[in-house]
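Numbering (UniProt numbering), first residue to last: 1 to 126.
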């Protein structure tokens, strides 16, 4: 967990980071932190809701800029799940509607599984 957080911190504060065009290498870091957050103690429990919202918000922003529906869909599904668990149902529905707009199960599911080992987008519909 510490390695993931350190990698994001380095990327955030490195003077050259704004020049990196293809930032897809950080997407598994966001996904890994999201997974670890659900099953571990990354942050103080009182800070977890805000940490999680910020984490998925950053993931959504990064993937939207990248423009690949595989990663953007994954991030939106994680965001929708987060909002749902936190009782932010309007925001969860908004995330899901955007996911519905960009996700095509026939085109994207296998690629999402290949990248992340599961298809949270499909799970978001179930």
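Glycine included, every Cβ here is placed at the ideal spot set by N, Cα and C.
Here residue 29 has 4, 7, 8 as same chain residues with Cβ atoms under 8 Å from its own Cβ, once five neighbours each way along the sequence are excluded. The Cβ-Cβ distance between residue 41 and residue 77 does not fall below 8 Å. Burial check for residue 73: the Cβ neighbour count within 10 Å reaches 16 or more, so the residue is buried. DSSP places residue 103 in the coil class of the three-state scheme, outside both helix and strand.
In its chain, beyond the 5 residues on either side, 66, 68, 71 have a beta carbon closer than 8 Å to the beta carbon of residue 24.
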